[in-house]
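Participant: So for the sequence shown, the working numbering puts the first residue at 760; every next one is plus one. Think of the CB as a built atom: it goes at the ideal place given N, C-alpha and C, for glycine as much as any other residue. From a predicted model like this one, the values you see are computed outputs, not experimental measurements.
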Amino acid sequence: MDDMALQGLASLAMAPDAESQNRAVHFVEQLKQSEDGWKICAHGFTSGNYHQNDHVKFFCLQVCEHYAKQRYQHAMPENVTAMKAFLLSCLELESNVATQSKPFIRNKLAQLISLVFVHDFQQRWPMFFADIMSTLSRGPWAVDMYLRILMAIDAEVVDRDIAHTAEEAQRNSLIKDAMRERCVNDLADSWYQIMTTYEMTQSDLVSMCLETVGHYVSWMDIGFFANDRMVSLLLRFLMNESLREFSCDCIHDIISKGMEPVAKTSLIESFMTVLDSAGIFKSEGEDSEFLCKLSKLINGIGLGLISSWQKLSKNGVCKNSETTLRALEAKVAYMLRFLGDDDDDVSSAVIEFATEYIAMMKTLPSMSVVQKGHIEGLLFTIIKKLKYDESYQFEKEGEEEAEFQEYRKQVRVIFNNIASLDTQMILLRIHELVSQTLPRWESLDFRDVEIAITLLYSLGEAIPASHGQHFSGNPEKASALQDMMRTLITSQVSRQGHFAVLLQFFETVVRYDRFFVCEPQHIPEVLMAFLDERGLRNSSPKVRSRVAYLFLRFVKSTNLSCPRTHMTPYLEDVLKQMQDLLTVNSPDNGLSHSLSDSDQLFIYETASTLVVSSSVEPEKKQVLMKQLLMPIATKFNVMLTKLTEEQDEKRQQAYADCIHNAIALASRASKGFSGQQTMKQCGCVSAFTELLSIFLAALEVTNQRASLQQGVRQYLHRMVVCLEEEIMPFLPEAMERLLKQPDARELYDFLPLVNQIIMKFKANISPFLTQVFMPLVMTIYQVLSAPSDHNDHCSAEEKKLLQRGYFLFLSTIVCNCLDVLKAQSMENLNQVLMSLIQGAVELPDPQSQKCCFSTLKKLIEVWGCKEGLPGFPAFIYKEIVPACFMAPMKQTFDLADGQTTLVLGECAACMQEVLQQRGQEFLDFLKGDFFPSRGINQESGQCYITNLQTDLKSFRSWLKKFFLQAKS
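(1) Could you have a look at S949 and say whether DSSP puts it in helix, strand or coil?
(2) Just the C-alpha distance for H814 and N999, rounded to the nearest angstrom, thanks.
(3) State the DSSP-derived secondary structure class of S1345, mapped to helix, strand or coil.
(4) Am I right that C1417 and N1344 are in contact with their C-beta atoms under 8 angstroms? What's the rounded C-beta distance?
(5) Give the single residue among T924, E958, T960 and P885 whose Cα lies nearest to the Cα of A937.
(6) Counting C-beta neighbours from all protein chains within 10 Å, is the total for G1227 16 or more, i.e. buried, or is it exposed?
(7) My output table needs one value for W1068: the three-state DSSP class, helix, strand or coil.
(8) Going by beta-carbon coordinates alone, are C1624 and P1647 separated by less than 8 angstroms?
(9) Count the other CB atoms, across all protein chains shown, that sit within 10 Å of the CB of G1564; report buried if there are 16 or more and exposed otherwise.
(10) Within 10 Å of its beta-carbon, does H785 have 16 or more other beta-carbons around it, so buried, or fewer, so exposed?
(11) Determine, using beta carbons only, whether F1509 and R1472 come nearer to each other than 8 angstroms.
(12) Quick one: grab the DSSP three-state call for D813.
(13) Whose C-beta lies closer than 6 angstroms to the C-beta of E1638 among residues of the same chain, with five residues either side of it excluded?
(14) Can you give me the Cβ contacts of W797 inside the same chain, cut-off strictly under 7 angstroms, excluding the 5 residues immediately before and after it?
(15) Report yes if the CB atom of A914 is closer than 8 angstroms to the CB atom of I908, and no otherwise.
(16) Can you give, in chain order, each stretch of the beta strand (DSSP E) that sits fully within the region 1087–1139 and has at least 3 residues?
(17) Does the Cβ-Cβ distance between V1269 and F1230 come in under 8 angstroms?
(18) Give me the Cα-Cα distance between D1683 and P1511, rounded to the nearest whole angstrom.
(19) Assign A1212 to one of three DSSP states: helix, strand, or coil.
(20) Can you give the Cα-Cα distance for P1488 and A1239, rounded to whole angstroms?
(21) Any contact of the region 1656–1676 with the region 1619–1633, i.e. 3+ C-beta pairs under 8 angstroms?
(22) Check whether the region 1152–1160 touches the region 1170–1187, counting contact only when three or more Cβ pairs, one atom from each stretch, lie closer than 8 angstroms.
(23) Can you grab the Cα-Cα spacing for the pair H1190 / L1218, in whole Å?
(24) Excluding the 5 residues flanking W736 on each side, which residues of the same chain have their C-beta closer than 7 angstroms to its C-beta?
(25) Going by other Cβ atoms of all chains shown within 10 Å of its Cβ, with 16 needed for buried, is S1225 buried or exposed?
(26) On the premise that A1366 lies in contact with L1334, defined as a C-beta separation below 8 angstroms, what is that separation, rounded to the nearest angstrom?
(27) Leaving aside the five residues before and after A1582 along the sequence, list all residues of the same chain whose C-beta is less than 6 angstroms from its C-beta, in chain order.
(28) Could you tell me the distance, in whole angstroms, from the CA atom of Y1507 to the CA atom of Q1406?
(29) For N1318 and S1433, I'd like the C-alpha separation in whole angstroms.
(30) In this structure, how does DSSP classify I1486 when only helix, strand and coil are distinguished?
(31) I need the boundaries of the alpha helix (DSSP H) containing W1717, first residue and last residue.
(32) Provide the residue span of the alpha helix (DSSP H) that contains N1706, from first to last.
(33) Judging by CA-CA distance, which residue of A1221, S1194, L1197 and P1605 is the nearest neighbour of Q1183?
(34) Going along the chain, which residues of its own chain have a beta-carbon closer than 7 angstroms to the beta-carbon of F1568, five neighbours each way excluded?
(35) In this structure, how does DSSP classify L730 when only helix, strand and coil are distinguished?
(36) Between I1065 and M1018, how many whole angstroms is the CB-CB distance? I'm expecting something under 8 angstroms.
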């Protein structure tokens, strides 16, 4: 390889097609592996032939970088000399405006130099920094390169965010020690010279230098930074608009340096004195970016003082800790100023200081008057910051609105922390705010009203005990929270009308459901708010949607908290007002109301819950439930007729969606029942079974079959949960219709329903299941064996899922009603058992294999004992035991895979279960028959038998090694 090769690389790198670019990458890899490839690239980089080709220059540096990382540490002296010469040539080139590279090339070169530095600095290139600094006189481009190199060295040697091995960490520590001895003075002087030389002409270089200083301050002596010349320079830069942000960051890095607490306090105080004297923090009208930097600086100062105080307090140094505490208290005013800034970015920068200050106050025995004042000031500040801005777009929330919501969450954490620090103070202040705001809502800005309700809501999270202990039936013992809730409702603030106020009102009444136990007289007003234009009939879709969900929560929580008699008086009136919302949406007439299909699900569940939880007699509940469900039955029948007659596919889809939604609403209505208030106890069985008989007609329709079947299956799932033996007469018809020419997906979706029925009814379902078992199994076999396109990945995946579903179905039968299998003919039973063996051994699907072995183990446990199923022990020896060896030996059985390891665990459990049931007979079979027939020698066989008789965990671990060795 020679320079001609690089010319070819140049043409490949510039080619537009991917093939040429791939060839270029391949060629670079060849150069990396070549012994002298880096030299070719070094020459290519410095020759000037590729000055205009950034691709080739970057590739050349990549090859040299690879050499520096992989082989340079042990390089011969001539290669060390060549590398040093190459790098110094690069620096000379990069100092010249005519030959200097683009920033990404210069960064890559700096990275290469840092890699050479870590190997050469102490022995092979002790004058590294002197050589690098000697280039500074060449001008600004040389300075730029110098600073990039220092930043790259920092990343390689110092940066704690980059993971290093123990060896690299030790190496880096030695490098820093050597730098402290040899060159830190020169480094500090170079920085000062750069900043003073280019202060007026090259602000970008000064900014980069300030950033470099900030990186090196963490491990250099503080005296290089906290001295008159550096501080005066930083202060001067703070007055310069183009440098002040970088100067601010540099000061932050200096005061954040790890130090002894007394020295840290002294350093911070000296900086604060200088900054205050210069009026740096009196920055009214400054741009937000600079204010963010100042806020970050105050945050660092606050955190530094808190950390110092904690260390001093822990060590019992009272005098010094008091000095540090006074210094800290003096900074709280700055923190409050920045926290309260109109710009949320400025405010965010001191949130950590505020949070840590509150945490620190919690550790004190008591707070002073000054400290209490600070905490109260903090509360008032965050109340101000929690308010919505005038520009907030409630109906069209974008990125800015999302950022504010995230900011609001952070500020609410401060609110919660204040509440846990001083509960009484925060209750008093929020009580004052609510009492002064809500009664006057008509004359106030909506944002003031919203924040009062939001803070009332937040108390439930900030003071959790309030949810249970702050509400009392005795007005004389009523807490501030109970009084606030009464004000919230009686003030009629829910009529304020703004999106945000309304939503916060509804969220709050749902959060404090226990209030209505104490004062149930307010329930009607809240119900009315949910039902009228404030809630479910609001003009905003967002409000309607959220209120639909909250109304359900309110009804459920209130019914749980309050006696049932509290809601019953309003039952029929509420249902009457909900009537138009319970109309099923139709594709023919458009939306009959303003709720979406998903919102309407909540409404049906709410109506059902109101009926079920009321104290009316079961007969009345039956009547009300039938009235609730009647629109569903009517709409279903109309839409089903239209679907069967419709030819247009889009119209068919619309009708099918309507039918599916109608069934879903009925399913959702069944969620109003519970274990304490069952469908039978409420007298509502016939209301739902009549619907079931109607819905089954959908299974005869071929148009939009998948959607209709899904809806009916969903309803059947709910009925299995809610009904007892009442559902049994419907199962034969349902299963017969669901199994008419099903595809793999339909069968897979159907099997969980069968499993649910089996697990609930167990022995009661056995006679019916015995009859349908083999027809169902044969249907599954037929679908699985149906030919399909080799390239149809969707069909293959559906068949794989069906296989899993089939084995889970067999497992469910074996675990719940084994008599169904026992009642099958021997031929059919053998076919089913062999399908389990095939699934355990042949299928490259760990989930199916695990299920098969688990099911076989259960069968061994029940049928493998002496009193078990006649003939089954022979099946164990002939099929199950061989399967436990054949499956792990398959190429597809990956013993390194976690899922496959679980399969091996079930396989081991199977073998131990055989031993448990058959005892010595099984061991004799292994030694005298099975092992010899499999070519397993006596020593290996005895080792297997020995480990087989240990505990499962040990045997499982040994078995993995056994098969790994056998497959090697």
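Facilitator: The structure says:
(1) As a working note, residue 949 is residue 190 in the sequence shown. Correct three-state label for S949: helix.
(2) Here residue 814 refers to the residue found at position 55 when the sequence shown is read from its first residue. Here residue 999 refers to the residue found at position 240 when the sequence shown is read from its first residue. If you take the alpha carbons of H814 and N999, they lie about 39 angstroms apart.
(3) In the sequence shown, the residue the question calls residue 1345 occupies position 586. Looking at S1345 - three-state DSSP - the assignment turns out to be strand.
(4) One-based indexing of the sequence shown puts residue 1417 at position 658. One-based indexing of the sequence shown puts residue 1344 at position 585. About 7 angstroms separates the two Cβ atoms, so the contact holds.
(5) As a first step, residue 937 is located in the sequence shown; it is residue number 178 there, counting from the start. Selected option, being the one with the closest Cα: P885.
(6) Here the question's residue 1227 lines up with position 468 in the sequence shown. Because G1227 sits at a pLDDT of 49, beneath the cut-off of 50, its placement in the model cannot be relied upon, and the point is left open.
(7) One-based indexing of the sequence shown puts residue 1068 at position 309. Looking at W1068 - three-state DSSP - the assignment turns out to be helix.
(8) Numbered from its first residue, the sequence shown carries residue 1624 at position 865. Numbered from its first residue, the sequence shown carries residue 1647 at position 888. Not a contact, by the Cβ cut-off of 8 angstroms.
(9) Indexing the sequence shown from 1 puts residue 1564 at position 805. It counts as buried.
(10) Residue 785 sits at position 26 when you count from the first residue of the sequence shown. Per the 10 Å Cβ criterion, exposed.
(11) One-based indexing of the sequence shown puts residue 1509 at position 750. One-based indexing of the sequence shown puts residue 1472 at position 713. Closer than 8 angstroms, so yes.
(12) In the sequence shown, counting from the first residue as 1, residue 813 sits at position 54. Reduced to three states, the DSSP call for D813 is helix.
(13) Within the sequence shown, residue 1638 is the residue found at index 879, counting from 1. Excluding residues within five positions, the ones whose Cβ falls inside 6 angstroms are I1596.
(14) Along the sequence shown, read from residue 1 onward, the residue named residue 797 stands at position 38. Excluding positions up to five away in sequence, the list reads V822, C823 and Y826.
(15) The residue labelled residue 914 in the question sits at position 155 within the sequence shown. The residue labelled residue 908 in the question sits at position 149 within the sequence shown. Their beta carbons are not under 8 angstroms apart, which means A914 does not touch I908 by this criterion.
(16) none
(17) Within the sequence shown, numbered from 1, the residue matching residue 1269 stands at position 510. Within the sequence shown, numbered from 1, the residue matching residue 1230 stands at position 471. Contact flag unset, no.
(18) Position 924 of the sequence shown, counted from the first residue, corresponds to residue 1683. Position 752 of the sequence shown, counted from the first residue, corresponds to residue 1511. Distance between the alpha carbons of D1683 and P1511 is about 42 angstroms.
(19) For the purposes of this step, residue 1212 is identified with residue 453 of the sequence shown, where counting begins at 1. Sequence inspection shows Ile at residue 1212; the Ala mentioned does not correspond to that position. Three-state DSSP puts I1212 in a helix.
(20) The sequence position of residue 1488 within the sequence shown is 729, counting from 1. The sequence position of residue 1239 within the sequence shown is 480, counting from 1. Rounded to the nearest angstrom, the two C-alpha atoms are 58 angstroms apart.
(21) yes
(22) no
(23) Working through the sequence shown from its first residue, we reach residue 1190 at position 431. Working through the sequence shown from its first residue, we reach residue 1218 at position 459. When rounded, the distance between both Cα atoms is 11 angstroms.
(24) With the chain covering only 760 through 1727, there is no way to say anything about residue 736.
(25) Walking along the sequence shown from the start, residue 1225 turns up at place 466. Residue placement at S1225 is flagged as unreliable, the pLDDT there being 43, under the threshold of 50; the coordinate-derived value follows with that caveat. Under this definition S1225 is a buried residue.
(26) Along the sequence shown, one-based indexing puts residue 1334 at 575. Along the sequence shown, one-based indexing puts residue 1366 at 607. Indeed they touch by this definition, with Cβ atoms about 6 angstroms apart.
(27) In the sequence shown, the residue the question calls residue 1582 occupies position 823. The answer, listed in chain order, is T1529.
(28) Taking the sequence shown and counting its residues from 1, one reaches residue 1507 at position 748. Taking the sequence shown and counting its residues from 1, one reaches residue 1406 at position 647. Roughly 29 angstroms separates the two Cα atoms.
(29) Position 559 of the sequence shown, counted from the start, is the residue given in the question as residue 1318. Position 674 of the sequence shown, counted from the start, is the residue given in the question as residue 1433. Spanning the two alpha carbons is a distance of roughly 13 angstroms.
(30) Mapped onto the sequence shown, residue 1486 falls at position 727. Correct three-state label for I1486: helix.
(31) As a position in the sequence shown, residue 1717 is number 958, starting the count at 1. Segment L1711 to K1726, the alpha helix (DSSP H) holding W1717.
(32) Taking the first residue of the sequence shown as 1, we reach residue 1706 at position 947. Where N1706 is concerned, the enclosing alpha helix (DSSP H) stretches over Q1697 to L1707.
(33) Taking the first residue of the sequence shown as position 1, residue 1183 is located at position 424. Per the Cα distances, A1221.
(34) The residue given as residue 1568 occupies position 809 in the sequence shown. Around F1568: L1510, V1513 and N1514.
(35) Residue 730 lies beyond the residue range present for the chain, which begins at 760 and ends at 1727; the question has no answer from this structure.
(36) Numbered from its first residue, the sequence shown carries residue 1065 at position 306. Numbered from its first residue, the sequence shown carries residue 1018 at position 259. So it is not a contact: roughly 14 angstroms between Cβ atoms.
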